[in-house]
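In this text, residue positions in the sequence shown follow full-length UniProt numbering: the first is 1, and each later residue adds one. Don't be surprised by glycine CBs; every beta carbon is placed ideally from N, CA and C.
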Amino acid sequence: MQQYPADYELQLNASRLLSKLSQHADVCAALCSNDDGGGGVGSSGQSALLPSAARELLARHRSREDLVLRLAFVLGNLAGRAEEARTAMFPDKPALDSVLAVLKFYQQESEAAAAAAASGEASQPAPRRDPGKVRDCLVKLVRLLANAAISAEVGRMCAGSRTCLRLLVTFVESKSIADNRELVSNSVAAINNLTYYMSTELASDMPERMLRVAQALSLLIQRADTDLLVEAIRPFGNLSREKAVRDWIVTSRIDEVLITLLDSSHEAVYSAAGILLNLVADPDKRQVLKKDGGVEKLISALTDLGQSDWQLACVICQALWNFTEGMTSCADSFGSEQTAQELISCLELFTDEEAVEESNRLAAGSDEDTFQHLQDVWESDFAYIGTHLLKRLRRHQSQFEPL
Numbered sequence: 001m002q003q004y005p006a007d008y009e010l011q012l013n014a015s016r017l018l019s020k021l022s023q024h025a026d027v028c029a030a031l032c033s034n035d036d037g038g039g040g041v042g043s044s045g046q047s048a049l050l051p052s053a054a055r056e057l058l059a060r061h062r063s064r065e066d067l068v069l070r071l072a073f074v075l076g077n078l079a080g081r082a083e084e085a086r087t088a089m090f091p092d093k094p095a096l097d098s099v100l101a102v103l104k105f106y107q108q109e110s111e112a113a114a115a116a117a118a119s120g121e122a123s124q125p126a127p128r129r130d131p132g133k134v135r136d137c138l139v140k141l142v143r144l145l146a147n148a149a150i151s152a153e154v155g156r157m158c159a160g161s162r163t164c165l166r167l168l169v170t171f172v173e174s175k176s177i178a179d180n181r182e183l184v185s186n187s188v189a190a191i192n193n194l195t196y197y198m199s200t201e202l203a204s205d206m207p208e209r210m211l212r213v214a215q216a217l218s219l220l221i222q223r224a225d226t227d228l229l230v231e232a233i234r235p236f237g238n239l240s241r242e243k244a245v246r247d248w249i250v251t252s253r254i255d256e257v258l259i260t261l262l263d264s265s266h267e268a269v270y271s272a273a274g275i276l277l278n279l280v281a282d283p284d285k286r287q288v289l290k291k292d293g294g295v296e297k298l299i300s301a302l303t304d305l306g307q308s309d310w311q312l313a314c315v316i317c318q319a320l321w322n323f324t325e326g327m328t329s330c331a332d333s334f335g336s337e338q339t340a341q342e343l344i345s346c347l348e349l350f351t352d353e354e355a356v357e358e359s360n361r362l363a364a365g366s367d368e369d370t371f372q373h374l375q376d377v378w379e380s381d382f383a384y385i386g387t388h389l390l391k392r393l394r395r396h397q398s399q400f401e402p403l
């Protein structure tokens, strides 16, 4: 592939082989290694050059959708498994720009095909490329970016790129879920990875960019099914670090969606609780948990899921800690002494070392490593916040016993 970069047929056949081989972890490791293992591909570790070479071939043959599809798939496989591959593919901004140029090319092809189909005129010329193949190229190219952005170095580069964010937002906003579900899902995953690195250190206008991403995701939330809804909510965990985004969450009523998700799957509860944690850090947004039974749902999630996931228990308690900041009484904050007492009883159980050890042993069964892991997570993540939240609640608990 490196010796004959202009030979399309050779490149296509080689990329077909690599698209099969790169689905195996050991092959990916070999393709990203500087050591050929004593008789592999060449004697000088030529396989280590594959990630950067394939990226260059991708740019060179960008108009050949069959080859682009396979090369992007191979690169996505490598980026999904090896940090060396991510940094080799994108060592600098020009390397990233070359892949974004390919992505932009197929985005324009997709828009042209959609415009021709929408016009419905027989006089319109047939699309230059199969719309299905164009869509597949977009899917694989966005998947490549999502996997590459796992790397902190590449993730920051992507997050700082206006072009990268603009393309991903375009796919989220403009593509129908029915016809482009995988593309939309991959775009949301890529955005989620990028939001981890979005800060004013990268660009002074990053708050505006973060708000723009939040607005695009809000539109997707309105038309998403349950599975895609949970994916679309996840990036708000990082985006909600920005006050403008927190304001937008309330203005666009995304907070109501978060409260609803507290009754959903374990993963959905984790995402929703994390966003609520940031949201109620603002005093003017604490009423969010008083609507639609939000605080009661958080307490129920803590009670039902906490002992099986101490990290989730920690997130919920941090949200409740922010919610009760400056509280004067349990009844005022929680609406009733009974609700507060339910939380106190739960925290008393979850901070009892003997009860926790018994619970962790039951969850781990005979696996001593799992038991020790649960104990370590409880001690490092939950014990401190759980204990301090319990002390705060006891200080503001009514001295009168309910009848």
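DSSP places residue 384 inside the alpha helix (DSSP H), whose first and last residues are 383 to 395. Cβ neighbours of residue 77 within its own chain (closer than 7 Å, five residues either side excluded): 22, 23, 28.
The DSSP-derived three-state label of residue 221 is helix. Residue 323: member of the alpha helix (DSSP H) spanning 310 to 323, first to last residue. Under a 10 Å Cβ-count criterion, residue 270 is classified as buried, with 16 or more other Cβ atoms of the shown protein chains found around its own Cβ. Contact check for residue 244 against residue 211 passes: the beta carbons are separated by less than 7 Å. In the three-state reduction of the DSSP assignment, residue 262 falls in the coil class, being assigned neither a helical nor a strand state.
Between residue 275 and residue 237, the C-beta spacing is below 7 Å.
Rounded to the nearest whole angstrom, the CA to CA distance from residue 74 to residue 18 is 6 Å. The three-state secondary structure of residue 196, taken from DSSP, is coil.
With a contact defined as Cβ atoms closer than 8 Å, residue 294 and residue 259 qualify at about 5 Å. With a contact defined as Cβ atoms closer than 8 Å, residue 98 and residue 138 miss out at about 16 Å. For residue 248, the uninterrupted alpha helix (DSSP H) segment begins and ends at 243 to 251.
With respect to residue 397, residue 330 sits close: the two C-beta atoms are nearer than 7 Å.
Taking all protein chains shown into account, residue 318 has 16 or more neighbouring C-beta atoms within 10 Å of its C-beta and is therefore buried. A direct Cα-to-Cα measurement between residue 114 and residue 102 gives close to 19 Å.
Here the C-alpha atom of residue 385 lies approximately 15 Å from the C-alpha atom of residue 298. The alpha carbon of residue 100 has as its nearest neighbour, out of 383, 144, 136, 214, the alpha carbon of 144. Closest by C-alpha distance to residue 83, out of 220, 32, 196, 53, is 32.
For a cut-off of 8 Å, the C-beta gap from residue 154 to residue 86 is around 5 Å, short enough to register as a contact. Between residue 71 and residue 161, the gap from beta carbon to beta carbon reaches 7 Å or more.
If you look at residue 372, you'll find it in the alpha helix (DSSP H) that goes 368 to 377. Sequence-distant Cβ neighbours of residue 374 in its own chain, meaning closer than 8 Å and more than five residues away, are 310, 360, 363, 364. Taking the Cα of residue 301 as reference, the smallest distance to any Cα among 292, 312, 291 is reached at 312.
Collapsing the DSSP output to three states places residue 175 in coil.
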